[in-house]
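Protein chains in written order, with numbering that gives the first Met the number 0: chain A, 0 to 315; chain B, 0 to 276. Backbone N, C-alpha and C define an ideal beta-carbon position, used for all residues, glycine too. I have placed the structure first, in the form of structure tokens, so that the comments after it can refer back to it.
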Amino acid sequence: MNLIFDGSLDKLAFRAVFGENMEALAAADSNVVYLDADMMSSIDTRNFWKRNPQQAINCGIAEANMMGVAAGLSAGGKKPYVHTFGPFASRRVYDQVVLSIAYAGLSVRIFGTDPGVAAAFNGGTHMPFEDLALYRAIPRATVIEISDSTMLKNIMWQIKEREGLTYVRMTRKNYHGIYGEGNDFKIGKGLVLREGGDAAVIACGMMVSEAMLAAEILAGEGIHIKVIDMFTIKPLDVDLVREAAKTGLIVTAENHNIVGGLGEAVATALIEANAAPGFRRIGMRESFGEVGPVDYLQEKFGLNAENIAKTIREAL
Amino acid sequence: MDIRELEIFAARIRLETTKMIGIRGFGHLSGSLSVADVLAVLYGGFMRIRPEEPGWPGRDKLVLSKGHAGPALYSALAMRGFFPMDWLATLNQPGTRLPSHCDRLLTPGVDMTTGSLGQGASAAAGLALAQKMDNLDSRTFLILGDGECNEGQVWEAALFANQYKLSNLIAFVDYNKKQLDGTTAEVMDMGDISAKFASFGWHTQNIDGGCVKSILAALNAVSADAPSCIVLNTIKGAKVPTVEKIEYNHHIVVEGDLLAAAIAECELELQKLEVRG
Ligand SMILES: Cc1ncc(C[n+]2csc(CCOP(=O)(O)OP(=O)(O)O)c2C)c(N)n1
Numbered sequence: 000m001n002l003i004f005d006g007s008l009d010k011l012a013f014r015a016v017f018g019e020n021m022e023a024l025a026a027a028d029s030n031v032v033y034l035d036a037d038m039m040s041s042i043d044t045r046n047f048w049k050r051n052p053q054q055a056i057n058c059g060i061a062e063a064n065m066m067g068v069a070a071g072l073s074a075g076g077k078k079p080y081v082h083t084f085g086p087f088a089s090r091r092v093y094d095q096v097v098l099s100i101a102y103a104g105l106s107v108r109i110f111g112t113d114p115g116v117a118a119a120f121n122g123g124t125h126m127p128f129e130d131l132a133l134y135r136a137i138p139r140a141t142v143i144e145i146s147d148s149t150m151l152k153n154i155m156w157q158i159k160e161r162e163g164l165t166y167v168r169m170t171r172k173n174y175h176g177i178y179g180e181g182n183d184f185k186i187g188k189g190l191v192l193r194e195g196g197d198a199a200v201i202a203c204g205m206m207v208s209e210a211m212l213a214a215e216i217l218a219g220e221g222i223h224i225k226v227i228d229m230f231t232i233k234p235l236d237v238d239l240v241r242e243a244a245k246t247g248l249i250v251t252a253e254n255h256n257i258v259g260g261l262g263e264a265v266a267t268a269l270i271e272a273n274a275a276p277g278f279r280r281i282g283m284r285e286s287f288g289e290v291g292p293v294d295y296l297q298e299k300f301g302l303n304a305e306n307i308a309k310t311i312r313e314a315l
Numbered sequence: 000m001d002i003r004e005l006e007i008f009a010a011r012i013r014l015e016t017t018k019m020i021g022i023r024g025f026g027h028l029s030g031s032l033s034v035a036d037v038l039a040v041l042y043g044g045f046m047r048i049r050p051e052e053p054g055w056p057g058r059d060k061l062v063l064s065k066g067h068a069g070p071a072l073y074s075a076l077a078m079r080g081f082f083p084m085d086w087l088a089t090l091n092q093p094g095t096r097l098p099s100h101c102d103r104l105l106t107p108g109v110d111m112t113t114g115s116l117g118q119g120a121s122a123a124a125g126l127a128l129a130q131k132m133d134n135l136d137s138r139t140f141l142i143l144g145d146g147e148c149n150e151g152q153v154w155e156a157a158l159f160a161n162q163y164k165l166s167n168l169i170a171f172v173d174y175n176k177k178q179l180d181g182t183t184a185e186v187m188d189m190g191d192i193s194a195k196f197a198s199f200g201w202h203t204q205n206i207d208g209g210c211v212k213s214i215l216a217a218l219n220a221v222s223a224d225a226p227s228c229i230v231l232n233t234i235k236g237a238k239v240p241t242v243e244k245i246e247y248n249h250h251i252v253v254e255g256d257l258l259a260a261a262i263a264e265c266e267l268e269l270q271k272l273e274v275r276g
């Protein structure tokens, strides 16, 4: 593994990586089609659309139709990549995704941006805290949450030939840099970013770097934790979860509702494997999002390194 | 309010909206400016409301379905006394009661939560139906974006409103000819919006949406038997030239020179109107 985490921000904004690679994918494969619902300017693909309107298609503000069109394009032999904000890429279009894409056995790659508190100033209406739950519930769907820009680029190319429905959850900005160029990502395999025997944090997306920061805080107190980037929420890396259980305490951390997301997936895997250790979940509890800066929201909802550290201290 | 007072009210909405977004430094300024005139007419006397009793059951209701124009509505509500003017500076700040998109639980005078485009159309139909069921003579007003009309849900609501003869439902379409990625023509061409609503059984009018007199006249000319749609010909960024002339002005940075110029333009407009009196 090529780990570069040092607490500094990711050098690239995810939107820039998405825009550049979406256009490169289309150039590399004439069957790649990128669809968006009047959100191209938000994800740096507007120029791609103007340059190549055959492969970059603006569907207007009509997300349900867009998912149906993507299904049809897949049935017609194309490789659709679809983007809009997370709530509109999940809640708003769920039946079209379930039936026209997944149940019909078609292959579509859906990118939902600004997960949870990342929607910041757009406020509660724009914060999907249930998209992982919705997509996990779809048979044979692949569900991924991106934690760093190197991973994003790698995954975008890797899923081009992937069969079935793939949902990719990601911010448009950046978190902390984690992976160096050339790092290998295997869908379905979590990555151990830090070793430690006192507890393990299994995290995804924004919470991965928060967990790394928490590990640093705790190390100063003599507590050594393992940190896992579980970027594939489904199919879950159950072997790695069982391995992590050997520390005696697992804390899951997600920028998502505790219902139906990573934490529940991990808990279920542990109980079914008769391997349940001490267990805590960090995520949204019975609340909707609200408007405000990301750091304020992280603090308010406990989605930060301090709360991870506190949770571990209290549980040990 | 007479016509001149309505014009002044609209100009004040623009000024307060610009200042409020300027404090945060970015936001959906242009699409807020294009609905200032219609909001001025509605809240300047046309709607039956009681600012001191925002939940008055007999009131007329408004659904700002293009919920990102919230700041313009907040300005109008504050000036009408629904809440103190100093709330406006809290837009999008931690713990605020004025979020970027409208929220009925947070803001006195906001009748429906919006932000996911298209959904306000159906909610407005439900509000209008409830008023009918209770034999109230009050009405529900709906403000849609032209890009928002891409959503199939808008047209499902349009069918519903005609089926149940919701003559107490009055929809405005803010036809500013732009959506997020560009013009409506290049993204998803809506064609003739009023002809579309007419074919769904609605009474329709096409007017200058920047003219309070025309808006008032259109409101007085709606049908008594069918839901009504008033298409407002507007400009995204209306009456603030600095904002109007930005080509892609959906969500913009509003600070420094741009903010100063925009505020100066709003103030000039206001002065002209006040002097004219
Ligand atoms: C269902 C849904 N899809 C996408 C968005 C993101 N979005 C917010 S405003 C906007 C453009 C709206 O265009 P229009 O309705 O014409 O509004 P205006 O130009 O008047 O601001 C988009 C795509 C959203 N809020 N809801």
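- Residue 225 of chain A and residue 210 of chain A have their C-alpha atoms roughly 9 Å apart.
- Within chain A, the residues placing a beta-carbon under 8 Å from that of residue 91 of chain B are 120, 122, 290 and 291, ordered along the chain.
- Look at residue 233 of chain A here: in three-state DSSP terms it is strand.
- Restricting attention to alpha helix (DSSP H) runs no shorter than 4 residues, the stretch 88-149 of chain A encloses them at 130-135, ordered along the chain.
- Excluding sequence positions up to five before and after residue 16 of chain A, its CB lies within less than 6 Å of the CB of 148, 151 and 152, all in the same chain and listed in chain order.
- Remark: the C-beta of residue 5 of chain A is outside contact range of ligand 1, defined as less than 8 Å to any heavy atom.
- Look at residue 140 of chain B: its beta carbon is at least 8 Å from all of the heavy atoms in ligand 1.
- Residues of chain A whose Cβ lies closer than 8 Å to the Cβ of residue 232 of chain B do not exist, since the nearest Cβ in that chain is about 20 Å away.
- In this structure, the beta-carbon distance from residue 155 of chain A to residue 102 of chain A does not fall below 9 Å.
- The closest heavy atom of ligand 1 lies 8 Å or more from the beta carbon of residue 45 of chain A.
- Contact of residue 70 of chain B with chain A is not assigned, every C-beta pair being separated by 9 Å or more.
- DSSP places residue 41 of chain B in the helix class (H, G or I) of the three-state scheme.
- Residue 8 of chain A and residue 301 of chain A have their C-alpha atoms spaced approximately 20 Å apart.
- Two segments are said to touch when three or more pairs of C-beta atoms, one from each, lie closer than 8 Å; by this definition the stretch 108-128 of chain B touches the stretch 71-86 of chain B.
- Residue 186 of chain B sits away from residue 206 of chain B, with the two beta carbons spaced by 9 Å or more.
- Pairing residue 252 of chain A with residue 177 of chain A gives a Cβ-Cβ distance that is not under 9 Å.
- Residue 35 of chain B counts as buried, since at least 16 other C-beta atoms from the protein chains shown sit within 10 angstroms of its C-beta.
- Around the Cβ of residue 274 of chain B, a 10 Å sphere holds fewer than 16 other Cβ atoms; the residue is exposed.
- Between ligand 1 and the CB of residue 85 of chain A, the shortest heavy atom gap is not smaller than 8 Å.
- Residue pairing by DSSP leaves residue 260 of chain A without any beta bridge partner.
- Between residue 64 of chain A and chain B, the shortest Cβ-Cβ separation is below 9 Å.
- Residue A/167 holds the alpha-carbon nearest to the alpha-carbon of residue 132 of chain A among A/167, A/310 and A/71.
- Residues are counted here when their Cβ sits less than 9 Å from a Cβ of chain A; for the stretch 153-184 of chain B these are 178, 179, 180, 181 and 183, given in chain order.
- Non-local beta-carbon contacts of residue 126 of chain B in its own chain, meaning distances under 6 Å to residues more than five positions away in sequence, involve 60 and 139 in chain order.
- Residue 192 of chain A is not a Cβ neighbour of residue 72 of chain A, given a cutoff of 9 Å.
- In the DSSP assignment, residue 252 of chain B is bridged to B/25.
- For residue 202 of chain B, the pairing in a beta bridge is given by DSSP as B/227.
- At a cut-off of 9 Å, the C-beta of residue 133 of chain B has no neighbouring C-beta in chain A.
- When the beta-carbon positions are compared, residue 22 of chain A and residue 47 of chain A come within less than 9 Å of each other.
- Distances between the C-beta of residue 71 of chain B and the heavy atoms of ligand 1 are all 8 Å or more.
- Here residue 182 of chain B is bridged, per DSSP, to B/177.
- Contact check for residue 87 of chain A and residue 144 of chain A: beta-carbon distance about 17 Å, past the 8 Å limit, so the pair fails to qualify.
- Per the C-alpha coordinates, the member of B/142, B/124 and B/174 positioned closest to residue 165 of chain B is B/124.
- Segment contact: the stretch 142-152 of chain B against the stretch 49-62 of chain A, three or more CB-CB distances shorter than 8 Å; contact assigned.
- Here residue 1 of chain A carries a coil assignment [DSSP, helix/strand/coil].
- Looking at the DSSP output, residue 200 of chain A shares a beta bridge with A/226 and A/250.
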